[in-house]
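Undergrad: Each residue of the sequence shown is one higher than the last, beginning at 1 in the UniProt record's numbering.
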Amino acid sequence: MKKMSMLLVAMFLVIVSCNKDDDNNKVPVKSSDKEITAFSFLAGDNDGLSKDIKASIDSKAKTIKAELPTGTTLTKLKPTITVSEDANVSPKSKVITDFTKAIVYTVTAEDETTSKYTVTITATKNNE
């Protein structure tokens, strides 16, 4: 009888333990956010700039534009780029880049989806 009672208790424990929700089996949802939230040229990172320049971002059209002062060398600019949390950008932020023509930046979300932004930088004309 003792063996039967122990067997019933053991079976009960096995059944109860199998009914628990196991949070370890849940797959974490990866973020699909892939936006450039800020794009600027910091004076401390770029020769020829006396102040920080913040670019305008059109999130819908996926374009970024900035006007830099006359005489700024567009071939050796180092942008500072901020993207959505858990996203990455290529080319990377803080890398010297030639902006004499439009550059396409690709933002990759945590879930590996991408979004492309076209960046156009110009130097203002000296009309002052």
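Heads up, the beta-carbon is just placed ideally off N, CA and C, and yes, glycines get one too. The structure displayed is predicted, hence computed values, not measured ones.
Kindly list the residues whose CB is nearer than 8 Å to the CB of T70, restricted to its own chain and excluding five residues on each side of it in sequence; keep chain order.
TA: On the sequence shown, position 70 is the one that residue 70 refers to. So the list reads A123, T124, K125, N126, once near-sequence residues are dropped.
Undergrad: Please name the residue in D98, V107, I81 whose C-alpha comes closest to that of L42.
TA: One-based indexing of the sequence shown puts residue 42 at position 42. Closest option to L42, Cα to Cα, is I81.
Undergrad: If you draw a straight line from the alpha carbon of Y117 to that of F12, how long is it in whole angstroms?
TA: Taking the first residue of the sequence shown as position 1, residue 117 is located at position 117. Taking the first residue of the sequence shown as position 1, residue 12 is located at position 12. Cα to Cα, Y117 sits roughly 60 Å from F12.
Undergrad: Under three-state DSSP, which class holds I15?
TA: As a position in the sequence shown, residue 15 is number 15, starting the count at 1. Three-state DSSP puts I15 in a helix.
Undergrad: Any contact of the stretch 91 to 110 with the stretch 28 to 44, i.e. 3+ C-beta pairs under 8 Å?
TA: yes
Undergrad: By Cβ distance below 7 Å, which residues in the same chain neighbour G48 in space, the five residues on each side in sequence not counted?
TA: Numbered from 1 along the sequence shown, position 48 holds the residue referred to as residue 48. Result list for G48: G71, T72, T73, in chain order.
Undergrad: Between the alpha carbons of E112 and K51, how many angstroms are there, rounded?
TA: On the sequence shown, position 112 is the one that residue 112 refers to. On the sequence shown, position 51 is the one that residue 51 refers to. Near 36 Å, if we compare the C-alpha coordinates of K51 and E112.
Undergrad: So what's E128 in DSSP terms, helix, strand or just coil?
TA: One-based indexing of the sequence shown puts residue 128 at position 128. Annotation note: pLDDT 46 at E128 (below 50); position unreliable, no value reported.
Undergrad: Using the Cα positions of G44 and P79, report the straight-line distance between them to the nearest angstrom.
TA: Counted from its first residue, the sequence shown places residue 44 at position 44. Counted from its first residue, the sequence shown places residue 79 at position 79. Distance between the alpha carbons of G44 and P79: 11 Å.
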